[in-house]
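Participant:
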Amino acid sequence: MSSEPAIVVSDLSVEYPARGPSASCVALRGVSFRLEHGQVLGVLGETGSGKSTLAQVLAGRVLPARASDPGPRISGGEASVLGHPLRKARKRDIAEVTFHVGYLPQEAAATLEPSLSVQDNVTLPIFERDEHYPRRAAGERAATMLDTVHLPLSVLKKYPYEL
């Protein structure tokens, strides 16, 4: 395992740009922390305090500010995940981050594909990225992910409505 921290966030700011009559909104300002491999971090806060925005940034779903982007954007500071800086990320860096880091929204049951098993839902992003990825390796990754969050492997065969 790398001696480099898993996540480093330094003075990170993220904003949602103005849309129509609504002014821009700063979702995160001055966030800093360091997370080593194997550590767990809990983020608590009120509704609208930026918890989900932070999770989206760290999952590689929020990119540096570009005038044409309607969604949230990194407007200051830096965040790096697995050694990949997100503020000046190249497509290859983002692909690497999104391969290793997932984002599960709060209303996950509403976003899971109901006709797919948990294993198929978990591995879906892998096959969207690389349709030739070995199925056995994808299944092993799914099992590892469930084991990491202390869910029994029997969950892999279940469907969202069974959870």
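Residue numbers (numbering that gives the first Met the number 0): 0 to 162. We put the CB at the ideal spot given by N, CA and C, even for glycine. Remember, predicted model here, so these are calculated numbers, not experimental data.
1) Can the beta-carbon of Val56 be found less than 8 Å from the beta-carbon of Leu85?
2) Are the CB atoms of Ala26 and Glu45 within a distance shorter than 8 Å?
3) Out of Leu43, Pro69, Glu3, state which residue places its alpha-carbon closest to the alpha-carbon of Gly19.
4) Under a Cβ-count criterion, where at least 16 other Cβ atoms within 10 Å of its own Cβ denotes burial, should Gln118 be classed as buried or exposed?
5) Which residue from Glu139, Ala58, Gly41 puts its Cα closest to that of Asp92?
6) Tell me Val8's beta-bridge partners as DSSP assigns them.
7) Does the Cβ of Leu155 have 16 or more other Cβ atoms within 10 Å, making it buried, or fewer, making it exposed?
8) Beta carbon of Ser12, beta carbon of Ser79: below 8 Å?
9) Is Thr143 buried or exposed, if buried means 16 or more other CB atoms sit within 10 Å of its CB?
10) Leu103 lies in the alpha helix (DSSP H); which residues open and close that run?
11) So, using beta-carbon positions, are Tyr158 and Pro113 closer together than 8 Å?
12) I'd like to check one pair, Ala5 with Glu35: are the Cβ atoms closer than 8 Å?
13) What whole-angstrom Cβ distance do Val8 and Phe32 have, given they're in contact under 8 Å?
14) List the residues that DSSP assigns as beta-bridge partners of Leu115.
15) Does Gly138 come within less than 8 Å of chain C when only Cβ atoms are used?
Facilitator: Let me lay it out:
1) In terms of Cβ geometry, Val56 and Leu85 form a close pair [threshold 8 Å].
2) No, Cβ-Cβ distance for Glu45 and Ala26 is not below 8 Å.
3) Relative to the Cα of Gly19, the nearest Cα in the group Leu43, Pro69, Glu3 belongs to Pro69.
4) Gln118 comes out buried.
5) Considering only alpha carbons, the answer is Ala58.
6) Val8 pairs with Phe32, Ala78.
7) Looking at its Cβ environment, which holds 16 or more other Cβ atoms inside 10 Å, Leu155 is buried.
8) No, the pair does not count as a contact, with Cβ atoms beyond the cut-off.
9) When all chains shown are included, Thr143 counts as exposed.
10) The continuous stretches of alpha helix (DSSP H) do not include Leu103, and DSSP gives it neither H nor E.
11) In this structure, Pro113 lies closer than 8 Å to Tyr158 by Cβ.
12) It is a contact, given that the beta carbons lie within the stated cut-off.
13) About 5 Å; that satisfies the 8 Å criterion.
14) BP columns for Leu115 are empty, so no partner.
15) Here there is only one protein chain, and chain C is not present.
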